[in-house]
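Undergrad: Here the sequence shown is numbered in UniProt numbering, starting from 1 and rising by one per residue. Here you go, one structure.
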Amino acid sequence: MRQNELDKILREYSLSETNHKKNIFGDYSYMPYVYDDNHHKIYNFYFSKELLHNTVTILRNERFAAVPPHIHDFIEINYMYSGSCEQIIDGKKSLLKKGQMTLIDTRTPHSLGYTGENDIMMNILIGKDYLNNQFFSKLSQHNLITSFFINAINTKESHLNYMIFNTENNERLQTFLTELLLEYYQPSYNSKEIMNSLFVLIILEMINSLDTSINYESINESNSIIFLTLQYIAKNYLHCTLESVAQHVHVNPCYLTTLLKKHLKKSYKELIIDLKMNNAAQLLIYSDEPIDIIARKSGYQNLTFFYKKFKDIYHCSPKEYRIQQIYQSISI
1 MRQNELDKIL REYSLSETNH KKNIFGDYSY MPYVYDDNHH KIYNFYFSKE LLHNTVTILR
61 NERFAAVPPH IHDFIEINYM YSGSCEQIID GKKSLLKKGQ MTLIDTRTPH SLGYTGENDI
121 MMNILIGKDY LNNQFFSKLS QHNLITSFFI NAINTKESHL NYMIFNTENN ERLQTFLTEL
181 LLEYYQPSYN SKEIMNSLFV LIILEMINSL DTSINYESIN ESNSIIFLTL QYIAKNYLHC
241 TLESVAQHVH VNPCYLTTLL KKHLKKSYKE LIIDLKMNNA AQLLIYSDEP IDIIARKSGY
301 QNLTFFYKKF KDIYHCSPKE YRIQQIYQSI SI
């Protein structure tokens, strides 16, 4: 399938859209609902059991109608393929434009405004069972997006409700998203594996562009502090201290420690160790330097302590890890 064929499919009218154009709209009266603090009705769209197993599900938003305020039991990424759409998420109104994306948690009330002929929004639905260790193992470093997913599956009350991404100028991300849609609408023999790989690439590219694409209006003050903290320590983890990081983000060190524990489930010290070990693992794979040199380049003068921490995380010695990675690359 070529991109022009995909475009044609996405613009075809569904039965619901044909009805919408005749002023025949869906009936929400049978659906369960709750009331918010202002006594507004919030519908429950609970159908995660109907999602595809072990992969993401893709739906196209039905045009020519608005979607009322609702919550659901799956994580949702909205991608504006064409046109634009007004959305209200957690009480805040915004306009999602072509190429932009939103990431919405399970318990976050949101609604969509009327969409016209050219306003094509794609919904990528992610069930909580998809967010397993295999998925997280591909997202190596802590950041605002991995924190979002961790909060979504581990807490009853999320503090990272949604994020908006101004990704309209990210050509690589647009390519990954197009390939995902092409694979979904014309599956190949290994479609599930390809879709899962493309989805991971999409998330990784969103992480890569966080500092330039995140819409700060969509994250609250504490999340902004976390984002700036993670951004800073990713560049300075070999030399920074809790105090220097706290000073950089203009908060008290104790308050920063509380925020990290609350949102990332890790202390500042644990985050630094993760970054140092990730650096060591990369050097073991992509260089032939001796392990003692790699330990020093990763911030460890005490080789015994380095070995202990490495084994705590990777469950093998640095030498064994290097051999395993070489063997895996040969097998591939």
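Beta carbons are placed, not taken as given, at the ideal position from N, Cα and C, and that holds for glycine.
Pick from 43, 163, 214 and 171: whose alpha carbon is nearest that of residue 336?
TA: Given that the chain is displayed from residue 1 to residue 332, the structure contains no residue 336 and the question cannot be resolved.
Undergrad: Would you kindly report the start and end of the unbroken beta strand (DSSP E) that includes residue 316?
TA: Taking the first residue of the sequence shown as position 1, residue 316 is located at position 316. Looking at the DSSP string, residue 316 is not in any beta strand (DSSP E), and its letter there is neither H nor E.
Undergrad: On the CB-based measure, 16 or more other CB atoms within 10 Å of its CB, does residue 256 come out buried or exposed?
TA: If you number the sequence shown from 1, residue 256 lands on position 256. Residue 256 comes out buried.
Undergrad: Our contact map puts residue 166 next to residue 215 with C-beta atoms below 8 Å; I'd like the distance itself, whole angstroms only.
TA: Your numbering for residue 166 matches position 166 in the sequence shown. Your numbering for residue 215 matches position 215 in the sequence shown. 6 Å between Cβ atoms; contact.
Undergrad: Based on Cα-Cα distance, which residue from 237, 241 and 222 lies nearest to residue 258?
TA: Position 258 of the sequence shown holds residue 258. Residue 222 is the option with its Cα nearest to residue 258.
Undergrad: Does residue 185 come out as helix, strand or coil in the three-state DSSP assignment?
TA: Counting from one through the sequence shown, the residue named residue 185 turns up at place 185. DSSP places residue 185 in helix when its eight states are reduced to three.
Undergrad: Could you name each continuous alpha helix (DSSP H) segment of 4 residues or more that falls completely within the segment 266–318, going from the start of the chain to the end?
TA: 268–286, 291–297 and 303–314
Undergrad: Does chain D have any CB closer than 8 Å to the CB of residue 201?
TA: In the displayed structure, chain D is absent; only one protein chain is listed.
Undergrad: Could you give the DSSP three-state label for residue 219: helix, strand or coil?
TA: Here the question's residue 219 lines up with position 219 in the sequence shown. Shown here, residue 219 sits in coil according to DSSP, grouped into three states, outside any helix or strand.
Undergrad: Identify every residue that forms a DSSP beta bridge with residue 151.
TA: Indexing the sequence shown from 1 puts residue 151 at position 151. Here residue 151 is not bridged, per DSSP, to any residue.
Undergrad: Beta-carbon separation of residue 204 and residue 183 under 8 Å?
TA: The count along the sequence shown starts at 1 and reaches residue 204 at position 204. The count along the sequence shown starts at 1 and reaches residue 183 at position 183. No, these two residues do not count as a Cβ contact at 8 Å.
Undergrad: Throw me the rounded Cβ distance for the residue 233 and residue 245 pair, which I believe falls under 8 Å.
TA: In the sequence shown, the residue the question calls residue 233 occupies position 233. In the sequence shown, the residue the question calls residue 245 occupies position 245. Correct: roughly 6 Å between the Cβ atoms.
Undergrad: Verify whether the separation of the beta carbon atoms of residue 307 and residue 284 is less than 8 Å.
TA: Against the sequence shown, residue 307 aligns to sequence position 307. Against the sequence shown, residue 284 aligns to sequence position 284. Their beta carbons are not under 8 Å apart, which means residue 307 does not touch residue 284 by this criterion.
Undergrad: Around the Cβ of residue 172, are there at least 16 other Cβ atoms within 10 angstroms (buried) or fewer (exposed)?
TA: Taking the first residue of the sequence shown as position 1, residue 172 is located at position 172. Classification for residue 172: exposed.
Undergrad: With DSSP run on the structure shown, which of helix, strand or coil describes residue 175?
TA: On the sequence shown, residue 175 is found 175 positions in, with the first residue counted as 1. Looking at residue 175 - three-state DSSP - the assignment turns out to be helix.
Undergrad: Quick one: what's got a C-beta closer than 6 Å to residue 295's C-beta in the same chain, skipping five residues either side?
TA: Reading the sequence shown from its first residue, position 295 is the one you call residue 295. Hits under 6 Å: 303 and 306.
Undergrad: Does the Cβ of residue 293 have 16 or more other Cβ atoms within 10 Å, making it buried, or fewer, making it exposed?
TA: Taking the first residue of the sequence shown as position 1, residue 293 is located at position 293. Per the 10 Å Cβ criterion, exposed.
Undergrad: Return helix, strand or coil for residue 325, following the three-state DSSP convention.
TA: If you number the sequence shown from 1, residue 325 lands on position 325. Residue 325: helix per DSSP, three-state reduction.
Undergrad: Are residue 118 and residue 83 closer than 8 Å when you measure CB to CB?
TA: Residue mapping note: residue 118 aligns to position 118 of the sequence shown, counting from 1. Residue mapping note: residue 83 aligns to position 83 of the sequence shown, counting from 1. Contact: yes.
Undergrad: Could you check where the alpha helix (DSSP H) with residue 5 kicks off and where it finishes?
TA: To locate residue 5, count along the sequence shown from 1; it is residue 5. Counting along the chain, the alpha helix (DSSP H) containing residue 5 begins and ends at 3–11.
Undergrad: Mapping the DSSP letters down to three states, classify residue 112 as helix, strand or coil.
TA: Taking the sequence shown and counting its residues from 1, the one referred to as residue 112 is at position 112. Three-state result, residue 112: strand.
Undergrad: For residue 243, count neighbouring Cβ atoms within 10 angstroms of its own Cβ and tell me buried if that reaches 16, exposed if not.
TA: Along the sequence shown, one-based indexing puts residue 243 at 243. Burial call: exposed.
Undergrad: Does the Cβ-Cβ distance between residue 299 and residue 276 come in under 8 Å?
TA: For this step, residue 299 is matched to residue 299 along the sequence shown. For this step, residue 276 is matched to residue 276 along the sequence shown. Closer than 8 Å, so yes.
Undergrad: Going by alpha carbons, who is nearest to residue 116 out of 80, 135, 126 and 132?
TA: Along the sequence shown, one-based indexing puts residue 116 at 116. Measuring C-alpha to C-alpha distances from residue 116 to each of 80, 135, 126 and 132 identifies 80 as the nearest.
Undergrad: Name the two residues that bound the continuous alpha helix (DSSP H) containing residue 247.
TA: Here residue 247 refers to the residue found at position 247 of the sequence shown. Looking at the DSSP string, the run of the alpha helix (DSSP H) that includes residue 247 is 242–248.
Undergrad: Taking three-plus beta-carbon pairs below 8 Å as touching, is the segment 3–11 in contact with the segment 32–40?
TA: With the cut-off at 8 Å, the segment 3–11 and the segment 32–40 do not touch.
Undergrad: List, from N- to C-terminal side, the alpha helix (DSSP H) runs of 4 residues or more that fit wholly inside the segment 10–70.
TA: Runs found: 15–21.
Undergrad: May I ask you to report which of helix, strand or coil DSSP gives residue 134?
TA: As a working note, residue 134 is residue 134 in the sequence shown. Three-state DSSP puts residue 134 in a helix.
Undergrad: Alpha carbon to alpha carbon, how far is residue 53 from residue 130? Give it in angstroms, no decimals.
TA: Here residue 130 is taken as the residue at index 130 of the sequence shown, counted from 1. Here residue 53 is taken as the residue at index 53 of the sequence shown, counted from 1. If you take the alpha carbons of residue 130 and residue 53, they lie about 8 Å apart.
Undergrad: Check residue 209 in the structure and name its three-state DSSP category.
TA: Here residue 209 refers to the residue found at position 209 when the sequence shown is read from its first residue. Three-state result, residue 209: coil.
Undergrad: Do residue 170 and residue 121 count as a contact pair if the criterion is CB distance below 8 Å?
TA: Numbered from 1 along the sequence shown, position 121 holds the residue referred to as residue 121. Numbered from 1 along the sequence shown, position 170 holds the residue referred to as residue 170. The Cβ-Cβ distance between residue 121 and residue 170 does not fall below 8 Å.
Undergrad: Nearest to residue 7 by CA position, among 48, 46 and 60, is which residue?
TA: Position 7 of the sequence shown, counted from the first residue, corresponds to residue 7. Ranking the options by Cα distance to residue 7, first place goes to 60.
Undergrad: By Cβ distance, which residues of its chain are closer than 7 Å to residue 273, with the 5 residues on each side in sequence left out?
TA: Taking the first residue of the sequence shown as position 1, residue 273 is located at position 273. Correct list, in chain order: 309.
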